[in-house]
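Have a look at the structure below, then the notes.
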Amino acid sequence: MNARNLAAGMLIALAGCAEVGPNYKIPADAIVNAPEANGAFIAGGLAASDAPLPDHWWHLFNDPVLDDLVEKALASNVDLRAAQANLERSGALLAEVRDERDLRIAADAETSYTQQSAQAVLSHIEPPRHQIYNVGITMSYDLDLFGGIRRGIEAASARDEAVVAARDLVRVNVAAETARAYADVCNAGNQIEVLKRVILVQQQSLALTQQLITHGRAAPFDQARQQGPIEGSRSQLAPLQARQLNAAFRLATLMGQPPEQYDRSLLACHTSLALQVLLPTGDGRALLQRRPDVRAAERWLAASTADVGVATAALYPDIMLGATIGSTGAASSAFGPLTNRFAVGPLVTWDLHRSAVRDRISAAQAQTRASLANFDSTVLVALRETETSLDTYAGALNQLQRLKAARDQAMVVNKSTSELRRGGKVGGLVALDAERTWVNSEAAVASAEAEVNSDQIATFLALGGGWQ
């Protein structure tokens, strides 16, 4: 067969062959396709809206310090650096797989001064010594008639996209943890300020009681009775201060710095984060498209499906076109008619151990089923985390609103009692008791505000925003 006929035969073979194995698409019965997974969320109530989640959700708190901290963390976080390096490695591996489609060229050259063994050929005459050489270039191209290489590229591309999603998931967590640490700094500062006011009112009440005891208008044990609560309040200061400092340490490490380099100015924050709008959530469809872990699980399913094609291609022969040109022989005759050589023709390899090949196909198919189960599980976890976060947030927000109402009532009572005291209509202890009730309600509000901030950030994390 001449070269023209060989080429024609190969073209006919290429036209008649296609990629083996299943073409990937998300299975129709996957949970991600269920109508219940793509609709509106059932939790959240009046605390949330179905408005789309913005890319940079932390801007909703309208706090320039928080915005700056998140941007610094996204630029310098060491976990993100590792994730980016993993992505670059994955990209290089993908490029290597794609290069399998290219023409392969190899060159070799060697020379040596040699003498053959006479006794090896049962000769008693000393053989001649001479310089020999070998120079050649080999080229080959895999026709990939059954798509094994193409399926391999498909699998590698899907895995690379899964690594991209993994990097995005790190960004989501870095943004959320930075916001959480900053909120902890500010909420601890707020609780410290309120607690100091509680202690001050308790001390004023103790001082007035001591005066009453001195004038015989109160029993001596009243002093001990009031001293205990003061010490109890003071005991809460150290844990709050430690919580605030620890949150500042976390912020430093999130930005790639040692804890010792934490920003001291952050400790001056004593105002809780305030969300100016209803928490935007979008719907289930947007959530599942946005969550990086869902996207990664779907890409692993795609890679597993392509691996079935790679394994199936081994059932068929692998045909390569090759050519070699070179020169081999004595150096004295280098590149002459007696030393030059060439070869052109196809190379066919075929694994005839069919049972082993089919076992590998079965293993790949089982992996695909496992990947689908993992994909379904990831979707369910995403939906559950979002619903439970919204439900918890709605409950915490309701509690905060009621505590604020109680605080406002206590403030009204305190104001009225203070006016009555100035008019001499009530005693100092009654007025101080009203003020103590008011500041205690302020402490309850401060604690609830910290809980609401934590729940807000947990919900944003469940929604998966911040990587775009």
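Mind the numbering: the sequence shown is residues 610 to 1077 in this note's numbering, read in order.
All C-beta atoms in this analysis are idealised placements derived from N, C-alpha and C, irrespective of residue type, glycine included.
Small disclaimer: the values here were computed from a predicted structure and weren't measured.
Can you give me the start and stop residues for the beta strand (DSSP E) that residue i sits inside?
i      : result
VAL744 : 738-751
TYR722 : 713-724
Just how far apart, CA to CA, sit residue i and residue j?
i       : j       : result
GLU763  : TRP666  : 34 Å
ARG789  : LEU924  : 54 Å
MET1020 : LEU683  : 43 Å
MET929  : ASP708  : 15 Å
THR720  : SER942  : 13 Å
ALA660  : ALA991  : 18 Å
ALA915  : ALA895  : 27 Å
ALA856  : GLN850  : 10 Å
SER913  : HIS879  : 51 Å
GLN1008 : TRP1047 : 17 Å
CYS795  : LEU854  : 11 Å
LEU981  : GLN1065 : 31 Å
ASP777  : LEU863  : 16 Å
LEU1016 : GLU1051 : Reading off the sequence shown, one finds Arg at residue 1016, where the question assumed Leu. Whole-angstrom Cα-Cα distance: 6 Å.
ALA932  : VAL781  : 52 Å
GLN725  : ILE934  : 26 Å
THR972  : ALA922  : The sequence shown places Ala at residue 972, not Thr. Cα to Cα, ALA972 sits roughly 14 Å from ALA922.
ALA767  : ARG908  : 5 Å
THR1068 : SER814  : 42 Å
ASN1062 : SER964  : 60 Å
ALA1057 : LEU678  : 24 Å
GLY553  : ALA1053 : Within the shown structure, residues of the chain are numbered from 610 to 1077, placing residue 553 beyond reach of any answer.
ASP664  : GLU770  : 20 Å
ALA586  : ALA775  : Residue 586 lies beyond the range of the chain shown here (610 to 1077); nothing can be said about it.
PRO868  : ALA701  : 35 Å
PRO673  : VAL773  : 29 Å
SER649  : TYR1002 : A small correction: the amino acid at residue 649 is Ala; Ser does not occupy that position in the sequence shown. Those two C-alpha atoms are separated by around 17 Å.
Which first and last residues belong to the alpha helix (DSSP H) in which residue i is found?
i       : result
ILE801  : 757-823
ILE1066 : 1037-1072
GLN693  : 687-707
PHE858  : 846-863
ALA644  : Position check: residue 644 holds Pro in this sequence, whereas Ala was assumed. Its alpha helix (DSSP H) spans residues 644-647.
LEU924  : From DSSP, LEU924 is part of no alpha helix (DSSP H); its letter is neither H nor E.
ARG894  : 893-899
Name, in chain order, the residues that DSSP records as bridge partners for residue i.
i      : result
VAL953 : ALA932
LEU888 : ALA657
THR937 : ASN743
GLY958 : Here residue 958 is Thr; the residue named in the question, Gly, does not match the sequence. Answer by DSSP bridge pairing, in chain order: ASP927.
Q.
I'd like to know if the segment 872-887 and the segment 631-640 are in contact, where contact means that at least 3 CB-CB pairs between them fall below 8 Å.
A. no
Q. Are the segment 816-825 and the segment 895-902 touching, with three or more C-beta to C-beta distances below 8 Å?
A. no
Q.
Assess contact between the segment 936-951 and the segment 746-759, defined as three or more Cβ pairs (one per stretch) separated by less than 8 Å. Is contact present?
A. no
(Q) I want to know whether the segment 1064-1072 touches the segment 995-1009 - three or more CB-CB distances under 8 Å. (A) yes
(Q) Pairs of beta-carbons, one from the segment 1038-1050 and one from the segment 680-699, closer than 8 Å: are there three or more? (A) no
**Q.** At least three beta-carbon pairs within less than 8 Å, the segment 971-990 to the segment 638-653
**A.** yes
Q. Is the segment 733-744 touching the segment 663-678 in the sense that three or more CB pairs, one from each, lie closer than 8 Å?
A. no
Q.
I want to know whether the segment 778-793 touches the segment 856-868 - three or more CB-CB distances under 8 Å.
A. yes
Q) For the segment 736-752 against the segment 704-718, are there 3 or more C-beta pairs whose distance is under 8 Å? A) yes
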